[in-house]
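So the structure is just underneath, and the comments pick up after that.
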Amino acid sequence: MIIEDKEFGEVIIRKSPLSKGVRFSVSTSGRLTMSVPTYTSTFLAKRFLNSNRDIIREKLPLKDPKEQRARDYQKKVLMKKAREYLPYRLEYYAKLYGYSYDKFRLTHANTRWGSCSSNRTISLNIGLMKVPEVLRDYVILHELAHLNHMDHSKAFWAEVGSHDKNYKNHEKKLKMFNPGV
Ligand SMILES: [Zn+2]
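The sequence shown begins at 1134 in the numbering used here and counts up by one.
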């Protein structure tokens, strides 16, 4: 649920049966997020918000509402680009090198460029649309190699290296970018 606040903009209210009290945090878009117990009414949530205004202002790195919306827009654009590009690029390399995966997912986590799970699902971050194509390809090849090696063993890196001989350099360059949108 979202409530509109004059000072903080859109505030995200997350109701969870596991929350025992009210917890404030910042969403990836820089919005104030309140985790509250399931039975909390909107009225009560607003009252909590009001009584914690000073501490929120002081402690939480919230973005102003204009920046929050700009980030939403950027994410939407990246998502659209990613949807039209990444699944096809992944398929291209999978076919080229004889890999098969079961599922493909787009993510927008702040921390990882991609992942490959034991149920053969490959996830790629939409933030890849912000990095040069060679680095994007490197991440794809890295995740594909995980289909054969679920670790970062020597054998894994040898396989990555057989598809991308500059992989070490690409891995290093990737660190200059942030996967978060
Ligand atoms: Zn890896």
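Quick reminder that beta carbons are idealized off the backbone N, C-alpha and C, glycines included.
(request) Tell whether a beta-carbon distance below 7 angstroms holds between V1314 and L1211. (result) Yes; because the gap between Cβ atoms is below 7 angstroms, this pair is in contact.
(message) Please classify Y1315 as buried or exposed, where buried requires at least 16 neighbouring CB atoms within 10 angstroms.
(response) Residue 1315 is absent from the model: the chain starts at 1134 and stops at 1314.
(message) Can you tell me whether D1197 is buried or exposed? The criterion is at least 16 other CB atoms within 10 Å of its CB, across all chains shown.
(response) So D1197 counts as exposed.
(request) Give me the Cβ distance between L1277 and R1253, rounded to the nearest whole Å; I'm assuming they're in contact under 8 angstroms. (result) In fact, because the Cβ distance is near 11 angstroms, the residues do not count as touching under 8 angstroms.
(request) Report whether the distance from the Cβ of Y1225 to the nearest heavy atom of ligand 2 is below 6 angstroms. (result) Although ligand 2 was asked about, the structure shown includes only ligand 1 as ligands.
(request) Taking the CB atoms as reference points, tell me whether R1238 and S1251 lie closer together than 7 angstroms. (result) Against a cut-off of 7 angstroms, the Cβ pair of S1251 and R1238 comes out as no contact.
(message) According to DSSP, simplified to helix, strand and coil, what is S1158?
(response) In the structure shown, the three-state DSSP call for S1158 is strand.
(request) Check T1175 in the structure and name its three-state DSSP category. (result) Helix.
(request) Between the Cα of E1140 and those of K1263, R1190, P1265 and K1298, spot the shortest distance and give me the residue it belongs to. (result) That would be R1190, whose Cα lies nearest to the Cα of E1140.
(request) Report yes if the C-beta distance between P1312 and G1260 is below 7 angstroms; otherwise report no. (result) A contact, by the Cβ cut-off of 7 angstroms.
(message) By the DSSP assignment, the alpha helix (DSSP H) with V1210 in it spans what residues?
(response) Element bounds for V1210: P1198 to Y1230.
(request) From the DSSP output, in three-state form, read off N1281 for me. (result) In the structure shown, N1281 sits in coil (DSSP, three-state: anything other than H, G, I, E or B).
(message) By alpha-carbon positions, which one of S1248, Y1225, L1177 and T1161 ends up nearest to I1136?
(response) I1136 has its Cα closest to that of L1177, out of S1248, Y1225, L1177 and T1161.
(request) Given a cut-off of 7 angstroms, decide if F1310 and V1267 are closer than it, judged by their beta-carbon atoms. (result) Result no, Cβ atoms of V1267 and F1310 do not sit closer than 7 angstroms.
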